[in-house]
Amino acid sequence: MMRKLILCLFLIFVSISGFAHQTNTSSTVLIEKDDLSWILQISASLTAFQQEIQLHYAETPYQTPEEFRAQVLQHIKKNFELLLNKNISIKLTGGTVQLGHETKVVFEVHGLPNTIEQVDLTNTIFKDIYRNQNSLFLFKQNFIKKKFTLNAEKDHKLTLVTSDNEFIEQITEEASVFPSGYIAGFIVLAGLIYFIGLQYKRKTL
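So the sequence shown is residues -20 to -1, 1 to 185, counted in mature numbering (1 follows the signal peptide of the UniProt record, and there is no 0).
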């Protein structure tokens, strides 16, 4: 299993290393270890982290690398939400920040159930960066390895359900071809036309 873990991490590194200097791309890796504990790694360019920290901590700008690391951890904990099986909220504690052109933040995650039926993930860490896109790699033992994407079009949210040892993205279907706002507007317009027509008829009688 350790070889598989190393191979997975290597393949992920190869797949995202080409984007290390792109501000609008980032990755999130959640991987199960042999002892059934989990590791969460969030990677992005140093510039991306700096932009978010400078925006959200403008009143308390960092002066040292240690202060920057602390603000990065705080920012992630505020903007990363993981809910499992609809009722198990996972809180991030601790964490280490590895600074570099590609900056990595690693957490050891505890409290995940052995059986996962649904994953609800919200990641707004880089939401202020134009056209930002986050690649999610979720690796559970004996599950098919897949990649998912979070972006502004999805409101930086993702719901996954399990089926036959595979995570499948749950897409919310529109209840109607026309958005409810257009329907309401059409009804109001139709009522207004009817009212005007009724008043016109009364005047011509």
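Glycine is no exception: its CB is placed at the ideal position from the N, C-alpha and C atoms.
- Proximity to S69 across V52, D100, F87 peaks at D100, based on C-alpha coordinates.
- Under the three-state reduction of DSSP, L53 is assigned to helix.
- Ranked by Cα distance from I11, the first of Q21, N131, T44 is Q21.
- By alpha-carbon distance to V52, the top candidate from N65, E39, L79 is L79.
- When rounded, the separation of the alpha-carbon atoms in F117 and I173 is 54 Å.
- With respect to the 9 Å criterion, N103 and F60 are classified as neighbours on the basis of their beta carbons.
- The shortest CA-to-CA distance from D135 to any of T73, D108, S25, T8 is the one to D108.
- L92 counts as buried, since no fewer than 16 other beta carbons sit within 10 angstroms of its beta carbon.
- Cβ contact annotation for Q150 (same chain, cutoff 7 Å, sequence separation greater than five): T139, L140, V141, in chain order.
- Around the C-beta of T152, fewer than 16 other C-beta atoms lie within 10 Å, and the residue is accordingly described as exposed.
- In the structure shown, the three-state DSSP call for E133 is helix.
- Under the rule that a run must span 3 or more residues, the beta strand (DSSP E) segments found entirely inside the stretch 44 to 91 read 60 to 64, 68 to 70, 76 to 78, 82 to 89.
- About 6 Å separates the beta carbon of K125 from that of F119, a gap short enough to meet the 8 Å contact definition.
- Here DSSP, grouped into helix, strand and coil, assigns Q113 to strand.
- In this structure, the CA atom of E88 is about 23 Å from the CA atom of H81.
- Annotation for Q31: the continuous alpha helix (DSSP H) segment containing it runs 26 to 36.
- The Cβ atoms of S7 and A24 lie closer than 9 Å to each other.
- Burial check for R49: the Cβ neighbour count within 10 Å reaches 16 or more, so the residue is buried.
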